[in-house]
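Here the structure comes first, spelled out in structure tokens, and everything after it is commentary.
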Amino acid sequence: MIPLAAAAPQGFLSPTGVEIAFLLVGLVTLGAAVMTVTTRQLIHAALWLVVALGGLAVEYLLLTAEFIAWVQVLIYVGSVVVLLLFGLMLTKAPIGRSPDADSGNRPVALAVAGTAAVALVWVVVDAFRTTWIDLEGPAQGSTATVGEILFRHWVLPFEALSVLLLAALVGAIVLSRRRPDTASDADADDTAADADAAHDTAEPKTPPAARTPRSPGGASAAGPASEGDN
């Protein structure tokens, strides 16, 4: 029996288990991403997005980038998708199958996605064509390595980004607050509308006056009038 490594052609290395798992997870992630942008139900799209983002986290783990993997899970899966689901459930947005979810620009979107994918693959392959990774050294994607690089060489951009995020949070709070005059006018209109509705509900409806049926001769059904009445 000839070993697989000996039977392989010269210069070809048989794939390892990690490489096979990376390929399978990549296919699942790609399928989930396609389902995210093709389904017409928003809830299903959000759930497929969870699968796609989870697949990316697994890919980062297979690449020994554990810090990026957990950031992917905590921020995207644990925050963005949950916020999207709560927004759909707590608002009156349609969550069923809707034709409005399809803009009819699928050919253009497919062309843009294909072009972006080819460009990204070409950039990554060209960047790592002559790059060698030290497999015996410490993992470059570990939490300790990323933290050391971040707070030793990228302190100023990190602080600038934190200030920018704080400014965005304060701006969102300011924009979400209603002005006092606008709020008072809206409350007054709501109170007047409620009072009118309560008045209409409480006012009894007067039934129409009962009419006395008349006989064919012109006299009422109660009989002819008495002489005293005449």
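Per this note's numbering, residue 860 is the first one in the sequence shown, and the count goes up by one each step. The beta carbon of each residue, even a glycine, is placed where N, CA and C say it ideally should be.
Buried versus exposed call for residue i [16 or more other C-beta atoms within 10 Å across all chains shown]
i	result
Q912	First, the residue type needs correcting, since residue 912 is Leu and not Gln in the sequence shown. By the 10 Å Cβ count, L912 comes out buried.
H1012	exposed
W991	exposed
T888	buried
L920	buried
A916	buried
G1087	Note that G1087 scores a pLDDT of 48, beneath 50, so its modelled location is shaky; the value from the coordinates is reported in the next line. Answer is exposed; the Cβ neighbour count stays below 16.
W981	exposed
A928	buried
E878	exposed
S873	exposed
C-beta contact flag for residue i and residue j at 8 Å
i	j	result
V940	V983	no
A905	L944	yes
L947	L901	yes
E925	T875	no
F1017	L1009	yes
E918	G963	no
W907	T895	yes
8 Å contact criterion, which residue i and residue j should meet: CB distance rounded
i	j	result
G914	A891	6 Å
query: Which whole runs of the alpha helix (DSSP H) in the stretch 898 to 966 are 4 residues long or more, in chain order?
result: 901 to 921, 925 to 930, 940 to 949
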